[in-house]
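Chemist: Sending over a structure as structure tokens; questions will come in a sec.
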Amino acid sequence: MTNGRIGVVIPALNEAENIADLVLATLAEDPPGAIATVVVADNGSDDDTGRQAEAAGAVVVVEPRRGYGYACLAGTEAAVQAGVDIVVYLDADHSCRPDELGDVVGPIIDGGADLVLGSRTRGTIARGAMPPHQRFGNWLSARLMRRLYGIAVTDLGPYRAIRSELISSLDMAEMTFGWPTEMTVKTANRGARIVEVPVSWDQRRSGTSKVSGTLRGTVLAARHILGVTIRYARRRNQG
Ligand SMILES: Nc1nc2c(ncn2[C@@H]2O[C@H](COP(=O)(O)OP(=O)(O)O)[C@@H](O)[C@H]2O)c(=O)[nH]1
Ligand SMILES: [Mg+2]
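Heads up: the sequence shown begins at 752 in my numbering, then just goes up one per residue.
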């Protein structure tokens, strides 16, 4: 069994219409273990995201360097400093469900996993929530990861949980779209335990997509995900 103090990290860029409800819903959850802190990593939003998050009860860290990885790292550092045992990541737009937090942390609390990946492929994807090019990209990337790392992954989703000690030791370097992939492949290279659980995937509630809904976001995400997957597999094979 692992101690279960949980830090939830929510990277957010211009999510003022979504963030307060999401923080409140997350704080209202009572997963196994306990939520010690909800950290919103505000990535230089030019709307009210930070103030909304704080008013709802989140700890807000401001990371002016743009990038999903920069925001995740700043949020992770704040959560680790608060003394949590487990860090959970979820998106700021209500695509991930806070009431599935217990499913995502469960395998770590039970002592059976070091990293838990929420798989939307194995869960439920709401109609229109995932465009075809994203489905294909996730399928291809997961397949490549299974082949190169021998891990049983079916999706590359944002909803994930990791032991604090592990994330602190991974020396994360991908500061944009490659962050989730880097976390997964470095954990695999360590021989640490990765477990997938089914999660739901809903439509963004409000506001606009910055990643899969834009050509630039899609191309950059695909390039980083595939690049990181291949790069760390080479390092693995070089011992
Ligand atoms: N910190 C940070 N977060 C981002 C950035 N781009 C998107 N996000 C957040 O990452 C999550 C996913 O982005 P989203 O726009 O919903 O992409 P989609 O799910 O592919 O449509 C949301 O919580 C966004 O607020 C960014 O450049 N920096
Ligand atoms: Mg989204």
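Positions of the beta carbon are idealized from the N, C-alpha and C atoms, including for glycine.
Report whether the distance from the Cβ of Ala771 to the nearest heavy atom of ligand 1 is below 7 Å.
Modeler: In the sequence shown, residue 771 corresponds to position 20, counting from 1. Checking every heavy atom of ligand 1 against the Cβ of Ala771, none is found closer than 7 Å.
Chemist: Under three-state DSSP, which class holds Leu866?
Modeler: One-based indexing of the sequence shown puts residue 866 at position 115. Leu866: strand per DSSP, three-state reduction.
Chemist: Could you spell out where the alpha helix (DSSP H) holding Thr777 opens and where it closes?
Modeler: By one-based count along the sequence shown, residue 777 stands at place 26. Its alpha helix (DSSP H) spans residues 767-778.
Chemist: Just to confirm the assignment, what range does the alpha helix (DSSP H) spanning Pro858 have?
Modeler: In the sequence shown, residue 858 corresponds to position 107, counting from 1. Segment 852-860, the alpha helix (DSSP H) holding Pro858.
Chemist: Below 8 Å between beta carbons: does that hold for Val839 and Val855?
Modeler: Position 88 of the sequence shown holds residue 839. Position 104 of the sequence shown holds residue 855. Contact: yes.
Chemist: When you compare the CB positions of Met934 and Met926, do they come within less than 8 Å of one another, or not?
Modeler: As a first step, residue 934 must be located in the sequence shown, where it is residue number 183. As a first step, residue 926 must be located in the sequence shown, where it is residue number 175. No, Cβ-Cβ distance for Met934 and Met926 is not below 8 Å.
Chemist: Would you list the residues whose beta-carbon is nearer than 6 Å to any heavy atom of ligand 2, in the order they occur in the chain?
Modeler: That gives Asp842, Asp844, Ser846, Arg955, Ser960.
Chemist: Look at the alpha carbon of Leu921 and the alpha carbon of Asp799, and state the distance between them as a whole number of angstroms.
Modeler: Against the sequence shown, residue 921 aligns to sequence position 170. Against the sequence shown, residue 799 aligns to sequence position 48. Distance between the alpha carbons of Leu921 and Asp799 is about 33 Å.
Chemist: Going by beta carbon distance, what residues of the same chain come within less than 6 Å of Thr777, once the five residues before and after it are set aside?
Modeler: For the purposes of this step, residue 777 is taken as the residue at position 26 of the sequence shown. Val759, Val789, Pro849.
Chemist: So, does the CB of Glu780 fall closer than 8 Å to a CB anywhere in chain B?
Modeler: The chain labelled as chain B is not found in the depicted structure, where only one protein chain is given.
Chemist: Three-state secondary structure (DSSP) at Gly808?
Modeler: Taking the sequence shown and counting its residues from 1, the one referred to as residue 808 is at position 57. Coil at Gly808, not helix or strand.
Chemist: Hey, how far is the Cα of Ala877 from the Cα of Gly820?
Modeler: Start at 1 with the first residue of the sequence shown, and residue 877 comes out as number 126. Start at 1 with the first residue of the sequence shown, and residue 820 comes out as number 69. C-alpha separation (whole angstroms): 26 Å.
Chemist: Rank Val970, Leu775, Ser915, Arg985 by C-alpha distance to the C-alpha of Ile860 and give the top, closest one.
Modeler: For the purposes of this step, residue 860 is taken as residue 109 along the sequence shown, with counting starting at 1. Among Val970, Leu775, Ser915, Arg985, the Cα nearest to that of Ile860 is on Ser915.
Chemist: What's the call for Val911, buried or exposed, on a 16-neighbour Cβ count within 10 Å?
Modeler: Within the sequence shown, residue 911 is the residue found at index 160, counting from 1. Checking the displayed sequence, the identity of residue 911 turns out to be Arg instead of Val. With 16 or more other Cβ atoms within 10 Å, it is buried.
Chemist: Would you identify the three-state DSSP class for Val835, choosing helix, strand or coil?
Modeler: As a position in the sequence shown, residue 835 is number 84, starting the count at 1. Val835: coil per DSSP, three-state reduction.
Chemist: With Gly758 as the anchor, note down where its beta strand (DSSP E) starts and where it stops.
Modeler: Stepping through the sequence shown from its first residue, residue 758 is reached at position 7. 756-763 is the extent of the beta strand (DSSP E) around Gly758.
Chemist: Going along the chain, which residues of its own chain have a beta-carbon closer than 8 Å to the beta-carbon of Asn940, five neighbours each way excluded?
Modeler: By 1-based counting over the sequence shown, the position of residue 940 is 189. Taken in chain order, the residues that qualify are Tyr900, Tyr983, Arg986, Arg987.
Chemist: Tell me the residue span of the beta strand (DSSP E) that contains Arg914.
Modeler: Along the sequence shown, read from residue 1 onward, the residue named residue 914 stands at position 163. Looking at the DSSP string, the run of the beta strand (DSSP E) that includes Arg914 is 911-914.
Chemist: Can the beta-carbon of Trp952 be found closer than 8 Å to that of Gly879?
Modeler: Walking along the sequence shown from the start, residue 952 turns up at place 201. Walking along the sequence shown from the start, residue 879 turns up at place 128. It is not a contact, given that the beta carbons lie outside the stated cut-off.
Chemist: From the DSSP output, in three-state form, read off Glu828 for me.
Modeler: As a working mapping, residue 828 is identified with position 77 in the sequence shown. If DSSP states are grouped into helix, strand and coil, Glu828 belongs with the helices.
Chemist: I'd like the span of the beta strand (DSSP E) that includes Ile976, first residue to last.
Modeler: Indexing the sequence shown from 1 puts residue 976 at position 225. From DSSP, Ile976 is part of no beta strand (DSSP E) but of the alpha helix (DSSP H) over 966-988.
Chemist: Grab me the residues of Leu866's own chain with a C-beta within less than 6 Å of its C-beta, minus the 5 sequence neighbours each way, in chain order.
Modeler: Looking up residue 866 in the sequence shown gives position 115. Once the five neighbours on either side are set aside, the close Cβ partners of Leu866 are Ile913, Thr938, Ile945.
Chemist: Locate the alpha helix (DSSP H) running through Glu892, then write down its first and last residues.
Modeler: Taking the sequence shown and counting its residues from 1, the one referred to as residue 892 is at position 141. The question names Glu, but residue 892 is Ser in the sequence shown. Here the alpha helix (DSSP H) through Ser892 covers 883-900.
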